[in-house]
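Here the protein sequences come in this chain order: D and R. Going by the numbering used here, the first sequence opens with residue 34, and the numbers climb by one from there. Going by the numbering used here, the second sequence opens with residue 34, and the numbers climb by one from there.
There are 2 protein chains.
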Amino acid sequence: MDQNKIPQATAKRLPLYYRFLNNLQMQGKTRVSSKELSDAVKVDSATIRRDFSYFGALGKKGYGYNVEYLLGFFRKTLDQDEITDVALIGVGNLGTAFLHYNFMKNNNTKIKIAFDADDNKVGQTIGGVPIYHINELEERLDDVKVAILTIPAMEADRVTERLVAQGIKGILNFTPARITVPDDIRVHHIDLAVELQALVYFLKHYPLEKTELYSE
Amino acid sequence: MDQNKIPQATAKRLPLYYRFLNNLQMQGKTRVSSKELSDAVKVDSATIRRDFSYFGALGKKGYGYNVEYLLGFFRKTLDQDEITDVALIGVGNLGTAFLHYNFMKNNNTKIKIAFDADDNKVGQTIGGVPIYHINELEERLDDVKVAILTIPAMEADRVTERLVAQGIKGILNFTPARITVPDDIRVHHIDLAVELQALVYFLKHYPLEKTELYSE
DNA sequence: AAGGTAGTGTGAGTGTTTTCACAATTTTGC
DNA sequence: GCAAAATTGTGAAAACACTCACACTACCTT
Chain D
34 MDQNKIPQAT AKRLPLYYRF LNNLQMQGKT RVSSKELSDA VKVDSATIRR DFSYFGALGK
94 KGYGYNVEYL LGFFRKTLDQ DEITDVALIG VGNLGTAFLH YNFMKNNNTK IKIAFDADDN
154 KVGQTIGGVP IYHINELEER LDDVKVAILT IPAMEADRVT ERLVAQGIKG ILNFTPARIT
214 VPDDIRVHHI DLAVELQALV YFLKHYPLEK TELYSE
Chain R
34 MDQNKIPQAT AKRLPLYYRF LNNLQMQGKT RVSSKELSDA VKVDSATIRR DFSYFGALGK
94 KGYGYNVEYL LGFFRKTLDQ DEITDVALIG VGNLGTAFLH YNFMKNNNTK IKIAFDADDN
154 KVGQTIGGVP IYHINELEER LDDVKVAILT IPAMEADRVT ERLVAQGIKG ILNFTPARIT
214 VPDDIRVHHI DLAVELQALV YFLKHYPLEK TELYSE
């Protein structure tokens with residue numbers, strides 16, 4: 034679509050850059066170097082410069098980057114202007130955490146509607162988002178194209194089928210289940226148990242070394 | 034420490050494999066091919082074979098892998114026998130979700146203790162885990178080496194310093210803040226807003242194509 | 001206005017991860 | 001017991017990602 038040239042690894046870092054640039058601007062900073070940004074987001078400064086360079090020459094040699102300009106550029110690139118509506122499926126603890134998270138603050142996304150199977154939750158509004166019964170998914174989903182899945186693993190496949198049938202294009206799946214979807218639908222898996230276990234594995238098998246000298 | 038030969042990308046997939054092998058065993062399956070496993074975990078079958086091959090020849094040509102044997106092997110490799118204690122810092126919605134998650138089921142990790150700043154939560158027990166006041170961190174943390182950070186971003190740096198001072202070695206950070214730690218401490222960041230925004234970005238800029246033919 | 005300093009943008013090199021594709025081997029069915 | 005089918009394990013290639021190191025340029029200071 035666009036220029037498919039930018040690497041996926043870069044694309045994943047863009048939202049991160051964007052948020053930190055926002056912070057800088059709110060702090061009143063007008064310029065920033067790749068080195069400073071590197072300290073803040075914990076990404077190598079050469080990587081940051083390379084990432085930015087895919088979009089052209091955004092900085093100035095000997096000066097760094099103008100925060101305002103960079104931010105404006107990213108706003109356009111990340112489509113911060115047009116808001117993407119999102120549906121939340123499953124209002125448990127994890128789902129509720131999402132509803133309280135103010136994505137609008139730095140983001141182009143807004144949770145517009147939530148669904149749950151529990152009648153006690155249906156009818157409530159959390160964080161300004163109305164909760165409907167999951168049975169009403171088909172009538173209520175409208176043209177929302179992105180869903181966050183925070184339901185029990187057992188339900189994942191069934192609900193996914195229904196979401197796909199309604200024309201969902203992207204799913205952020207917090208379920209341990211690896212859901213099956215048609216090729217043209219994008220699923221990102223975030224598996225909390227796997228993340229925790231991977232961290233533990235790395236701790237045991239890939240010990241980090243303390244750099245006594247210049248540990249900047 | 035061990036054989037540092039296995040790639041990190043492989044290491045991250047091990048917990049996933051492990052869980053699905055467990056599922057298979059519970060379903061009573063005794064053998065499995067890389068192809069079947071691929072369908073289940075959505076990882077290319079060649080990648081799975083390569084991953085397994087780092088540990089030696091675990092399968093049999095023309096047959097596949099013996100579920101029981103593979104599972105036993107992974108149990109040892111992933112240290113499923115010895116349990117790793119974990120501390121949870123911040124019992125909000127996200128933190129509570131973790132407390133209800135039964136990590137012990139397929140995992141080698143157990144949340145042993147939780148902390149929060151809210152006096153209403155202190156003293157409670159959720160999912161069998163006692164909640165103490167964050168002020169008691171130093172006295173209560175004992176020799177726990179892994180922490181899950183689910184607190185407001187504002188607090189992240191301060192609490193991280195205290196955790197590090199107590200000898201924490203690994204942090205699973207759900208805070209939007211990129212925390213600073215000494216070199217020998219491992220931090221994995223999971224940034225929910227970034228994940229959501231990245232998904233939206235990919236949807237718009239990296240459209241997937243529907244394979245009409247043989248979309249197996 | 002000139003020299004010093006800071007800091008970009010990038011060519012080239014290195015490292016990591018995935019994928020292809022096939023010989024080797026075992027199982028399965030006849 | 002043999003041929004066909006299944007499926008591994010891996011060499012080699014490709015794809016992807018990161019980092020070094022430095023020429024170049026813009027800013028800053030005096």
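Where a beta carbon is used, it is the ideal one built from N, C-alpha and C, also for glycine.
Just mark residue i as buried or exposed, buried being the case when its beta carbon has 16 or more other beta carbons within 10 Å.
| i | result |
| --- | --- |
| A90 of chain D | exposed |
| T63 of chain D | exposed |
| R191 of chain D | exposed |
| S67 of chain R | buried |
| A231 of chain R | buried |
| G95 of chain R | exposed |
| G92 of chain D | buried |
Spatial neighbours of residue i within its chain, please: C-beta separation below 8 Å, excluding the five flanking residues on both sides.
| i | result |
| --- | --- |
| R52 of chain D | N139 |
| I167 of chain D | I122, F148, D149, A150, V192 |
| V179 of chain R | T117, D118, V119, A120, T142, I201, K202, G203, I204, L205 |
| V177 of chain R | D118, V119, A120, K145, I146, I201 |
| E115 of chain R | N141 |
| Q199 of chain R | L170, E171, L174 |
Would you report the Cα separation of residue i and residue j, rounded to the nearest angstrom?
| i | j | result |
| --- | --- | --- |
| F136 of chain D | I144 of chain D | 8 Å |
| V76 of chain D | D224 of chain D | 23 Å |
| E69 of chain R | A73 of chain D | 43 Å |
| V197 of chain D | V214 of chain D | 7 Å |
| G105 of chain D | V162 of chain D | 29 Å |
| R211 of chain D | A186 of chain D | 9 Å |
| H133 of chain D | H221 of chain R | 23 Å |
| V233 of chain R | T117 of chain D | 8 Å |
| L54 of chain D | L241 of chain D | 30 Å |
| R108 of chain R | I159 of chain R | 28 Å |
| Y239 of chain R | T80 of chain D | 21 Å |
| Q113 of chain R | F131 of chain D | 31 Å |
| E172 of chain R | D152 of chain R | 17 Å |
| L229 of chain R | I39 of chain R | 30 Å |
| N56 of chain D | N56 of chain R | 44 Å |
| V227 of chain R | Q41 of chain R | 22 Å |
In chain order, what residues of the same chain lie with their CB nearer than 6 Å to the CB of residue i, ignoring the 5 residues before and after it?
| i | result |
| --- | --- |
| V124 of chain D | A147, D149, K154, I164 |
| Y247 of chain R | Here Y247 of chain R scores only 36 on pLDDT, less than 50, and its place in the model should not be relied on; the value that follows carries that caveat. Around Y247 of chain R: no qualifying Cβ. |
| Q157 of chain R | I164 |
Taking the beta strand (DSSP E) that residue i falls in, what are its first and last residues?
| i | result |
| --- | --- |
| Y165 of chain R | 162-166 |
| A130 of chain D | Per DSSP, A130 of chain D belongs to no beta strand (DSSP E); it is in the alpha helix (DSSP H), 126-133. |
| T117 of chain D | 117-122 |
With a threshold of 7 Å on Cβ separation, who are the neighbours of residue i within its own chain once the five nearest residues in sequence on each side are excluded?
| i | result |
| --- | --- |
| T43 of chain D | D84, Y87 |
| L127 of chain R | T183, F207 |
| R82 of chain D | S67 |
| V71 of chain R | The residue you asked about is not Val; residue 71 of chain R is Ser in the sequence shown. Cβ neighbours of S71 of chain R beyond the five flanking positions: D77, S78, I81. |
| D216 of chain R | none |
Check each candidate in the options and name the one with the smallest Cα separation from residue i.
| i | options | result |
| --- | --- | --- |
| L182 of chain D | D:R46, D:T129, D:V233 | D:T129 |
| E188 of chain R | R:K243, R:E171, R:F207 | R:F207 |
| M203 of chain R | D:A210, D:G92, D:L236, D:T110 | Here residue 203 of chain R is Gly; the residue named in the question, Met, does not match the sequence. Of the listed residues, the one whose Cα sits closest to G203 of chain R is D:L236. |
| S78 of chain R | R:R46, R:H222, R:D216 | R:R46 |
| T110 of chain R | R:Y50, R:E242, R:A226 | R:Y50 |
| L205 of chain D | D:N99, D:Q113, D:V119 | D:V119 |
| P209 of chain R | D:Q41, D:I218, D:I39, D:P48 | D:P48 |
| L174 of chain R | R:I159, R:K38, R:I201, R:L229 | R:I201 |
| Q319 of chain D | D:Y98, D:D152, D:G160 | A question about residue 319 of chain D goes unanswered here, because the residues of chain D that appear run from 34 up to 249. |
| V100 of chain R | R:G61, R:D114, R:R82 | R:G61 |
| R195 of chain D | D:D217, D:V227, D:D216, D:E169 | D:E169 |
| K243 of chain D | R:I218, R:Y102, R:K243 | R:I218 |
| Y102 of chain R | R:G156, R:V65, R:Q157 | R:V65 |
First and last residue of the alpha helix (DSSP H) that includes residue i?
| i | result |
| --- | --- |
| I81 of chain D | 78-86 |
| K109 of chain D | 100-110 |
| F235 of chain R | 225-238 |
| L2 of chain D | No answer is possible for residue 2 of chain D: the residues shown for chain D start at 34 and end at 249. |
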